[in-house]
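Chemist: Sequential numbering from 1027 applies to the sequence shown in this note's numbering. For every residue, glycine included, the Cβ atom is placed at its ideal position computed from N, Cα and C. This is the structure I have questions about; it appears just below.
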Amino acid sequence: GIFAVRSLQAKTFAACRRIQRGAWTPIRFMRPFWDKREFAVGTMRNSGSAGSRHRLDQKLRSVLEIPESHALALTGSGRSALALGLQVLAEQNPDRKKVLLPSFGCRGIYDPIIEAGLVPFFVDVDGDLLASEDDIIGHIDNTVLACLVVNTCGKQMALARIVETARKCGVFVIEDDCHAFGKPQSSQVVDLRILSFGMGKNAMASAGGALIASVYQNEIQRAAFMLKEEPDYASRGRFSYFAKRYWNRRHEGNPKSIDRSLVTQYDINIRMSSRDALIMISQIDKLDYIVRTRQNNASFLRYELTPNLFQTQTPAGHVYTKLSVVFSNPSLMVRFRAHLLDWGIETEEMYFPLHLRPFAAAYNQRALPRTEALKGCVLNIPIRPNLTPPELKRIKRSIRDFAENFHD
1027 GIFAVRSLQA
1037 KTFAACRRIQ
1047 RGAWTPIRFM
1057 RPFWDKREFA
1067 VGTMRNSGSA
1077 GSRHRLDQKL
1087 RSVLEIPESH
1097 ALALTGSGRS
1107 ALALGLQVLA
1117 EQNPDRKKVL
1127 LPSFGCRGIY
1137 DPIIEAGLVP
1147 FFVDVDGDLL
1157 ASEDDIIGHI
1167 DNTVLACLVV
1177 NTCGKQMALA
1187 RIVETARKCG
1197 VFVIEDDCHA
1207 FGKPQSSQVV
1217 DLRILSFGMG
1227 KNAMASAGGA
1237 LIASVYQNEI
1247 QRAAFMLKEE
1257 PDYASRGRFS
1267 YFAKRYWNRR
1277 HEGNPKSIDR
1287 SLVTQYDINI
1297 RMSSRDALIM
1307 ISQIDKLDYI
1317 VRTRQNNASF
1327 LRYELTPNLF
1337 QTQTPAGHVY
1347 TKLSVVFSNP
1357 SLMVRFRAHL
1367 LDWGIETEEM
1377 YFPLHLRPFA
1387 AAYNQRALPR
1397 TEALKGCVLN
1407 IPIRPNLTPP
1417 ELKRIKRSIR
1427 DFAENFHD
């Protein structure tokens, strides 16, 4: 009886604290920036013809200033776009197999390399969570097919030296812009550029991606032409799933897993659906607002992220798809995450180094000290553009409260 009373007291006290902080309603880490336009497209019975993909093609070329001479292929996901590009590079350059990539990244940059019959070679990161420029350049030679540079979380990499070195050795530069979709931030021309329009990106459909190519344009276009159509029910069912997950209170927090038949992320042979193309056209119309609001939200919160406890990426050239916070050790990250959860704030843990994961053990060829130091130490804080002013203030207060009450 005593234990029951104490438990009830603790729960009551915790509930009172949540009410006092305004934390009774959880702040979700992610929710698509959709309104009636996206819902009208997502729920319509028939999503139309391939004409919507042509309209998206022209929209992307205009917004991203893509020359007509460059190939543009709309795929089922960013992972599929990378797979398409690597397959063409591998077919045209059969004597080269090695691909340089950062170990601090998602599995979506690793699997397409293996599927194309190529060999991954992991490089370390710098203080901005980006692939180390020196490490990449130090390993570019005549055995390398391509180097994959990733604009992690939306932070733009400096590519001039990498591109210059790669050109001398006949190495292709692939820029992964899945986190950095926005107006071009540099005039540097890379060989392939990857975009993603899936969940968690700046502009979100229910799925989709794009490959932009300044090399092997005809081969890329032929390969894209062979991609198959996705059944319309799949894109409609996928949209319905995400609508329930992020807008229906009954499904929030503990949604059922999405039906595997609705997932296009792992099928490299599917082109982007007409429904998702129409959603993306609407999303691109809001892109400037989305990026500007994310940047403003990140700036508002970074003020509280004091360097003695938190490290963040530098803001220059950053579109802030994610606001990542780096901690000195995993236990501090866990404490901070639990603290924000107590305030009703959902967060997202960042990558586990690829070269330390079991599926990549065969390619773990050397120590990557900076990457390994990040294991379990990086957390993403909500900065989505549909956060309300009270929600932003609550996140800011929670960060300040942690810093003020922190004891080593």
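Per DSSP, F1198 forms a beta bridge with which residues?
Modeler: A1172
Chemist: Could you work out which residue in R1271, D1258, K1422, D1167 is closest to S1300 when comparing CA atoms only?
Modeler: D1258
Chemist: Give a yes or no on whether the C-beta atoms belonging to A1157 and P1138 are separated by under 8 Å.
Modeler: no
Chemist: How long is the line joining the alpha carbons of I1316 and M1225, rounded to whole angstroms?
Modeler: 14 Å
Chemist: What residue does the alpha helix (DSSP H) around K1422 start on, and which one ends it?
Modeler: Where K1422 is concerned, the enclosing alpha helix (DSSP H) starts and stops at 1415–1430.
Chemist: Can you tell me which of the three DSSP states F1362 falls into?
Modeler: helix
Chemist: Taking just the CA atoms, how far does P1379 sit from F1385?
Modeler: 12 Å
Chemist: Could you check which residue in A1269, G1234, V1241 has the C-alpha nearest to that of E1255?
Modeler: G1234
Chemist: Any idea what DSSP makes of N1323, helix, strand or coil?
Modeler: helix
Chemist: Spatial neighbours of T1332 within its chain, please: CB distance less than 7 Å, with the 5 preceding and 5 following residues excluded, ordered by chain position.
Modeler: Counting only residues of its own chain and dropping the five nearest sequence neighbours on each side, T1332 has a CB closer than 7 Å to the CB of A1429.
Chemist: Could you check whether T1397 and V1151 sit closer than 8 Å to each other, using their CB atoms as the reference points?
Modeler: yes
Chemist: Beta-carbon within less than 7 Å of H1096's beta-carbon, same chain only, minus the 5 sequence neighbours each way: which residues are those?
Modeler: Within its own chain, the residues whose Cβ lies closer than 7 Å to the Cβ of H1096, once the five positions on either side in sequence are excluded, are I1238, A1239, S1240, Q1243, listed in chain order.
Chemist: Tell me the start and end of each unbroken beta strand (DSSP E) in the segment 1325–1400 that is at least 3 residues and wholly inside, in chain order.
Modeler: 1349–1352
Chemist: With respect to the alpha helix (DSSP H) encompassing K1227, which residues constitute its N-terminal and C-terminal limits?
Modeler: No alpha helix (DSSP H) holds K1227; DSSP gives it neither H nor E.
Chemist: Do V1175 and L1144 have their CB atoms nearer than 8 Å?
Modeler: No; because the gap between Cβ atoms is not below 8 Å, this pair is not in contact.
Chemist: What whole-angstrom Cβ distance do M1230 and Q1309 have, given they're in contact under 8 Å?
Modeler: 7 Å
Chemist: Do S1222 and F1268 count as a contact pair if the criterion is CB distance below 8 Å?
Modeler: With contacts defined as CB atoms closer than 8 Å, F1268 and S1222 fail to qualify as a contacting pair.
Chemist: Which residue comes first and which comes last in the alpha helix (DSSP H) that contains L1126?
Modeler: From DSSP, L1126 is part of no alpha helix (DSSP H) but of the beta strand (DSSP E) over 1124–1128.
Chemist: Are the segment 1092–1110 and the segment 1348–1362 touching by the rule of at least three beta carbon pairs closer than 8 Å?
Modeler: no
Chemist: Based on DSSP bridge pairs, tell me the residues matched to L1101.
Modeler: The sequence shown places Thr at residue 1101, rather than the Leu named in the question. DSSP output for T1101 lists G1235, R1297 as bridge partner(s).
Chemist: According to DSSP, is R1081 helix, strand or coil?
Modeler: DSSP places R1081 in the helix class (H, G or I) of the three-state scheme.
Chemist: Out of I1425, L1382, R1187, point me to the one whose CA is closest to L1327's CA.
Modeler: I1425
Chemist: If we call anything under 8 Å between Cβ atoms a contact, is L1405 one with V1351?
Modeler: Yes; because the gap between Cβ atoms is below 8 Å, this pair is in contact.
Chemist: Bridge partners of R1219, per DSSP?
Modeler: R1219 pairs with E1201, I1238.
Chemist: How about F1148 and L1394: do their beta carbons lie closer than 8 Å?
Modeler: yes
Chemist: Does DSSP put I1284 in a helix, a strand or coil?
Modeler: coil
Chemist: Exposed or buried, which one is Y1329 when buried takes at least 16 other CB atoms within 10 Å?
Modeler: exposed
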